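Converting from the sequence shown to this note's numbering requires adding 383 to each position, the first position being numbered 1.
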Amino acid sequence: MAWKWKLYWLIFALTLGVYLVMVLWSLPHIAGLAGGLTPFDMRLGGYSLAEAKSFLAALPPEGVDFYLNVQHLLDMAYPAMLAVVLGIGALGLATGRAVWIGVLAAIAAMIGAAFDYLENAAVKGLLLVGADEVTANAVEQASRWTLLKSGLTTVAMTLVLILLIGVVFRRWRGRQR
384 MAWKWKLYWL
394 IFALTLGVYL
404 VMVLWSLPHI
414 AGLAGGLTPF
424 DMRLGGYSLA
434 EAKSFLAALP
444 PEGVDFYLNV
454 QHLLDMAYPA
464 MLAVVLGIGA
474 LGLATGRAVW
484 IGVLAAIAAM
494 IGAAFDYLEN
504 AAVKGLLLVG
514 ADEVTANAVE
524 QASRWTLLKS
534 GLTTVAMTLV
544 LILLIGVVFR
554 RWRGRQR
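See below:
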């Protein structure tokens, strides 16, 4: 295996590790501090003003601090790492006429990461102002970034899965001959 692919698999493993830390530890911790309410980052379908206010009202100051200083630190690394994993993975799997699918997946992954960073900035604003001062406009903007992040990341992951199925199918078909 070439050193480039060894590096890719190292980045893949680190990305998976950061994801697991968030999903199994930091985000459940935030939800626990907020009385079981789902953190903004996990509301992939977006959220309303009422939902945002409920979450912000339920999250105590130590929860806000944890969200801003632990979760956002993890989420500073994750979007770029995921974009690299999906983009390089897609381009590596794409061959022949499917190259455009790999390029599209890589672009979707990069734009999805950009929206994730915009989401993080908007969520930071929500956390800093709190439930009493949060505006409908600020919540709509944060929710929009969440929806765009979720949508483009889903597109990128789906395209990578399609490319992977294509590779597996071609190898299987080659063995059948």
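Just so it is clear, CB atoms sit at the ideal spot from N, CA and C, and this is done for glycine as well.
Model, not experiment: these values are computed from the prediction.
Cα-Cα separation between GLY400 and GLU523, rounded to whole angstroms: Straight-line measurement puts the Cα of GLU523 at about 31 Å from the Cα of GLY400.
Only counting the same chain, and skipping five residues up and downstream in sequence, which positions put a Cβ closer than 8 Å to that of VAL404? LEU457, listed in sequence order.
Are the beta-carbon atoms of LEU439 and ILE484 separated by less than 8 Å? Going by C-beta atoms, LEU439 is not nearer than 8 Å to ILE484.
According to DSSP, simplified to helix, strand and coil, what is PRO422? Coil at PRO422, not helix or strand.
With TYR391 as the anchor, note down where its alpha helix (DSSP H) starts and where it stops. 386 to 404 is the extent of the alpha helix (DSSP H) around TYR391.
Hey, how far is the Cα of ALA492 from the Cα of THR537? Their backbone Cα atoms lie some 9 Å apart in a straight line.
Between the alpha carbons of GLU516 and ALA496, how many angstroms are there, rounded? Approximately 28 Å between the Cα atoms of the pair.
Skipping 5 residues on each side, what residues in its chain have a beta carbon closer than 8 Å to that of GLY446? Result list for GLY446: ILE413, LEU416, ALA417, in chain order.
Roughly how many whole angstroms lie between the Cα atoms of LEU432 and LYS389? Looking at the two C-alpha atoms, the distance is approximately 45 Å.
So, are the CB atoms of LEU420 and LYS507 less than 8 Å apart? Contact: no.
Suppose the cutoff is 6 Å on Cβ atoms and the five residues either side in sequence are ignored; what does the same chain contact list for LEU474 look like? Result list for LEU474: GLY485, ALA489, in chain order.
Given TYR430, which residues of its chain have a CB within under 6 Å of its CB, disregarding the five upstream and five downstream residues? Scanning its chain for C-beta atoms nearer than 6 Å, with the 5 sequence neighbours on each side dropped, one finds around TYR430 the residues SER526, in chain order.
When you compare the CB positions of LEU410 and ASP424, do they come within less than 8 Å of one another, or not? Taking 8 Å as the Cβ cut-off, LEU410 and ASP424 qualify as a contacting pair.
Going by the beta-carbon positions, is the gap between GLY557 and ALA481 smaller than 8 Å? Contact: no.
Evaluate TRP408 with the Cβ neighbour count: other Cβ atoms within 10 Å of its Cβ, from every protein chain shown; 16 or more gives buried, anything less gives exposed. Flag for TRP408 reads exposed.
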